[in-house]
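**Student:**
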Ligand code: LLP
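Numbering (my numbering), first residue to last: 25 to 470.
(1) Just checking my contact of residue 219 with residue 263 at CB under 8 Å: how many whole Å lie between their CB atoms?
(2) Excluding the 5 residues preceding and the 5 following residue 33 in the sequence, name in chain order all residues of the same chain whose CB lies nearer than 7 Å to its CB.
(3) Out of 91, 299, 205, state which residue places its alpha-carbon closest to the alpha-carbon of residue 137.
(4) Thinking residue 76 and residue 459 are a contact (beta carbons under 8 Å), I'd like their distance in whole angstroms, please.
(5) I think residue 290 touches residue 60, with their Cβ atoms under 8 Å apart; what is that distance to the nearest whole Å?
(6) If you measure between the beta carbons of residue 429 and residue 452, is that distance less than 8 Å?
(7) Can we count residue 245 as close to the ligand LLP, meaning its CB is less than 7 Å from some heavy atom?
(8) Could you name the residues of the same chain whose beta carbon sits closer than 6 Å to that of residue 197, not counting the 5 residues immediately before and after it, in chain order?
(9) Taking 7 Å as the limit between beta carbons, can you name the residues of its chain near residue 152, skipping five residues before and five after?
(10) The alpha helix (DSSP H) that contains residue 71, what's its start and end?
(11) Check the C-beta distance from residue 265 over to residue 277 and give it rounded, since I have them as a contact under 8 Å.
(12) According to DSSP, simplified to helix, strand and coil, what is residue 316?
(13) Only counting the same chain, and skipping five residues up and downstream in sequence, which positions put a Cβ closer than 8 Å to that of residue 432?
(14) Among 440, 381, 352, 313, which one has its Cα closest to the Cα of residue 506?
(15) Which term fits residue 161, buried or exposed, when burial requires 16 or more other beta carbons within 10 angstroms of its beta carbon?
(16) Looking only at C-alpha atoms, which of 279, 255, 272 sits nearest to residue 325?
(17) Let me confirm a value: residue 269 is counted as buried when at least 16 other C-beta atoms fall within 10 Å, else exposed. Which label applies?
(18) Can you find at least 3 beta carbon pairs, one from the stretch 364-372 and one from the stretch 95-110, that sit closer than 8 Å?
(19) Flag this pair as yes or no: are the beta carbons of residue 296 and residue 246 separated by less than 8 Å?
(20) Starting from the Cα of residue 250, find the closest Cα among 304, 260, 282, 287 and give me that residue.
(21) Within 10 angstroms of its Cβ, does residue 25 collect 16 or more other Cβ (buried), or is it exposed?
(22) Keeping to the same chain, check which residues put their C-beta closer than 6 Å to that of residue 84; ignore five residues upstream and five downstream.
(23) Do residue 439 and residue 323 have their beta-carbon atoms positioned less than 8 Å apart in this structure?
(24) I believe residue 403 touches residue 333 by the beta-carbon criterion, under 8 Å. Please report the beta-carbon distance rounded to the nearest angstrom.
(25) From this set, 356, 361, 390, 457, which residue's C-alpha is nearest residue 420's C-alpha?
(26) For residue 361 and residue 348, which I take to be in contact (beta-carbon distance under 8 Å), what is that distance rounded to the nearest angstrom?
(27) Check whether the Cβ of residue 66 lies closer than 7 Å to any heavy atom of the ligand LLP, and answer yes or no.
(28) Count the other C-beta atoms from every protein chain shown that fall within 10 angstroms of the C-beta of residue 457, then say buried if there are 16 or more, exposed otherwise.
(29) Tell me which same chain residues have a C-beta within less than 8 Å of the C-beta of residue 307, skipping the five on either side of it?
(30) Nearest by alpha-carbon distance to residue 261: which of 281, 229, 272, 287 is it?
(31) Cβ-heavy atom distance between residue 94 and the ligand LLP below 7 Å?
(32) Would you call residue 449 buried or exposed, if buried means 16 or more other Cβ atoms sit within 10 Å of its Cβ?
(33) By the 10 Å Cβ neighbour count, where 16 or more other Cβ atoms means buried, how is residue 378 classified, buried or exposed?
(34) Looking at the unbroken alpha helix (DSSP H) that takes in residue 301, where does it start and where does it end?
(35) Please determine whether the Cβ atom of residue 72 lies at a distance below 7 Å from any heavy atom of the ligand LLP.
(36) Please report the residue range of the beta strand (DSSP E) in which residue 112 lies.
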């Protein structure tokens with residue numbers, strides 16, 4: 025059965041058993057743009073943006089949704105997010121440059137990161153970014169100095185670490201005591217940071233932020249952390265902390281496999297807004313502006329990776345390796361986090377599975393396996409394999425390892441496709457290389 029739950033909203037199987045997305049067949053897209061190819065469904069992207077806004081705003085009018093650019097951003101996508109009324113969370117000068125290129129309103133941009141450089145912070149202040157989310161004492165002092173020298177006041181949030189485990193992969197857990205992110209509440213550093221921020225002449229402390237990790241399949245960690253951080257904030261009212269803004273970050277899960285059933289956007293909203301309202305009421309606090317930062321849950325379900333099958337190798341009694349023309353260079357997640365994906369044969373999407381195979385990439389590394397032991401209808405060289413839920417943290421974490429060019433990205437909808445990132449060329453791969461002509465002495469002469 026076709027796992028519709030992990031594919032974009034517009035995905036269908038046509039009468040010839042071919043996968044179509046946004047009205048385009050996988051075959052036609054592969055023919056036009058080549059493989060490997062990333063396909064983003066515009067309708068799914070927009071639907072996810074609208075659901076986030078509706079579900080949060082319906083429960084708390086003063087809510088904002090920022091798209092976490094690290095999940096994947098380029099100028100075309102930034103425009104869509106802008107049109108949908110989202111803000112942006114950026115974590116580098118590079119992501120900020122994309123926002124600028126797209127003409128994104130910079131007062132809706134929040135700058136995150138545990139070690140922003142002095143150059144990045146200067147840029148943030150000069151451009152007038154909405155917020156800088158301060159993550160260390162070093163940054164607190166540096167940013168105050170930079171703002172003073174620029175004759176400006178920078179709006180900030182303090183990122184606290186509530187010490188709550190969201191039960192996800194250790195590489196993507198952030199809000200616990202042993203973390204490089206944020207100021208720990210437990211150690212007293214968060215309290216010290218708030219006092220220091222309130223005293224800083226060129227910083228305006230607007231509120232607090234935390235982020236627990238990603239992806240978080242449970243609702244309770246959000247509930248517990250919202251309650252804990254609000255109680256913590258209430259303790260600073262007399263010292264002058266007005267909690268105008270409050271952010272529980274992102275980390276909302278999506279389904280990667282047919283069996284996974286993460287909470288809906290509405291359930292996350294209900295939990296977060298519910299916890300915020302009840303704790304604020306109990307403490308007699310005014311409701312702050314609520315800021316959420318979904319990345320994966322917006323772009324993940326909209327993206328499908330398309331690969332062409334090449335070599336097939338059967339090791340009798342062991343396993344059958346089906347190699348495709350992409351792999352860990354365009355999607356590092358299986359190798360890095362043991363992430364599990366569905367795979368569908370886009371050429372025979374309506375056939376029942378009749379063999380179990382392992383989908384390997386083309387990179388020179390044994391760990392370059394995209395999916396282990398997947399049941400598929402008999403795979404042949406030349407078939408197209410689709411790997412769904414691939415929009416988040418695959419293109420954005422892509423590398424040019426083995427000097428394989430990174431794949432193109434197309435946006436599909438209404439039977440049309442639009443290239444939003446072209447395939448890298450061999451020239452692109454060498455663009456930064458500078459020729460070196462050794463002088464005679466350097467050649468080992470005397
Ligand atoms: N806000 C902050 C402060 C974050 O650190 C992150 C993600 C987000 C928002 C967005 O989280 P999302 O809604 O996308 O789950 N490379 C890993 C994920 C790393 C997430 C880093 N921070 C992966 O492929 O699973």
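Idealized CB from N, CA, C, for every residue including glycine.
**Tutor:** Let's see:
(1) In the chain shown, residue 219 corresponds to position 195, counting from 1. In the chain shown, residue 263 corresponds to position 239, counting from 1. That belief holds up - the Cβ atoms of residue 219 and residue 263 are roughly 7 Å apart, short of 8 Å.
(2) Walking along the chain shown from the start, residue 33 turns up at place 9. Same-chain partners within the cutoff: 65, 67, 68, 71.
(3) As a first step, residue 137 must be located in the chain shown, where it is residue number 113. Nearest C-alpha to residue 137: 205.
(4) As a working note, residue 76 is residue 52 in the chain shown. As a working note, residue 459 is residue 435 in the chain shown. Not confirmed; about 49 Å, so no contact.
(5) In the chain shown, counting from the first residue as 1, residue 290 sits at position 266. In the chain shown, counting from the first residue as 1, residue 60 sits at position 36. Not a contact, Cβ separation roughly 34 Å.
(6) Working through the chain shown from its first residue, we reach residue 429 at position 405. Working through the chain shown from its first residue, we reach residue 452 at position 428. Contact: yes.
(7) Here residue 245 corresponds to residue number 221 of the chain shown, with the count starting at 1. Incorrect: residue 245 has no Cβ contact closer than 7 Å to the ligand LLP.
(8) Counted from its first residue, the chain shown places residue 197 at position 173. Closer than 6 Å at the Cβ level, and outside the excluded window around residue 197, lie 237.
(9) The residue given as residue 152 occupies position 128 in the chain shown. Counting only Cβ-Cβ distances below 7 Å, and skipping sequence neighbours, we find 130, 131.
(10) As a working mapping, residue 71 is identified with position 47 in the chain shown. 66-83 is the extent of the alpha helix (DSSP H) around residue 71.
(11) Walking along the chain shown from the start, residue 265 turns up at place 241. Walking along the chain shown from the start, residue 277 turns up at place 253. The pair is not a contact, with the Cβ atoms about 32 Å apart (cut-off 8 Å).
(12) As a working mapping, residue 316 is identified with position 292 in the chain shown. Note: residue 316 maps to strand in three-state DSSP.
(13) Taking the chain shown and counting its residues from 1, the one referred to as residue 432 is at position 408. The residues are 57, 58, 61, 62, 443, 445, 446, 447.
(14) This structure does not reach residue 506, given that the chain is present from 25 up to 470, and the question cannot be answered.
(15) Taking the first residue of the chain shown as position 1, residue 161 is located at position 137. With fewer than 16 other Cβ atoms within 10 Å, it is exposed.
(16) For this step, residue 325 is matched to residue 301 along the chain shown. It is 279.
(17) Translated into positions along the chain shown, residue 269 becomes position 245. Residue 269 comes out buried.
(18) no
(19) In the chain shown, counting from the first residue as 1, residue 296 sits at position 272. In the chain shown, counting from the first residue as 1, residue 246 sits at position 222. In this structure, residue 246 lies closer than 8 Å to residue 296 by Cβ.
(20) The sequence position of residue 250 within the chain shown is 226, counting from 1. Comparing Cα-Cα distances from residue 250 to each of 304, 260, 282, 287, the minimum goes to 304.
(21) Start at 1 with the first residue of the chain shown, and residue 25 comes out as number 1. When all chains shown are included, residue 25 counts as exposed.
(22) By 1-based counting over the chain shown, the position of residue 84 is 60. The residues are 297, 314.
(23) Translated into the one-based positions of the chain shown, residue 323 becomes position 299. Translated into the one-based positions of the chain shown, residue 439 becomes position 415. Against a cut-off of 8 Å, the Cβ pair of residue 439 and residue 323 comes out as no contact.
(24) Translated into the one-based positions of the chain shown, residue 403 becomes position 379. Translated into the one-based positions of the chain shown, residue 333 becomes position 309. Indeed they touch by this definition, with Cβ atoms about 6 Å apart.
(25) What you label residue 420 is simply residue 396 of the chain shown in a count that begins at 1. Selection 356, 361, 390, 457 evaluated against residue 420 yields 356 as nearest (Cα-Cα).
(26) Counted from its first residue, the chain shown places residue 361 at position 337. Counted from its first residue, the chain shown places residue 348 at position 324. With a Cβ gap of about 20 Å, residue 361 and residue 348 do not count as contacting.
(27) Against the chain shown, residue 66 aligns to sequence position 42. No, since every heavy atom of the ligand LLP falls outside the 7 Å radius drawn around the Cβ of residue 66.
(28) One-based indexing of the chain shown puts residue 457 at position 433. So residue 457 ends up on the exposed side.
(29) Your numbering for residue 307 matches position 283 in the chain shown. Excluding positions up to five away in sequence, the list reads 254, 255, 258.
(30) Position 237 of the chain shown, counted from the first residue, corresponds to residue 261. Among 281, 229, 272, 287, the Cα nearest to that of residue 261 belongs to 229.
(31) Position 70 of the chain shown, counted from the start, is the residue given in the question as residue 94. Residue 94 Cβ: within cutoff of the ligand LLP.
(32) Here residue 449 corresponds to residue number 425 of the chain shown, with the count starting at 1. By the neighbour-count rule (16 or more Cβ atoms within 10 Å), residue 449 is not buried but exposed.
(33) In the chain shown, the residue the question calls residue 378 occupies position 354. With fewer than 16 other Cβ atoms within 10 Å, it is exposed.
(34) Residue mapping note: residue 301 aligns to position 277 of the chain shown, counting from 1. Unbroken alpha helix (DSSP H) run through residue 301: 289-307.
(35) The residue you call residue 72 lines up with position 48 of the chain shown. Not so, every heavy atom of the ligand LLP lies at least 7 Å from the Cβ.
(36) Translated into positions along the chain shown, residue 112 becomes position 88. Run containing residue 112: 111-114, per the beta strand (DSSP E) assignment.
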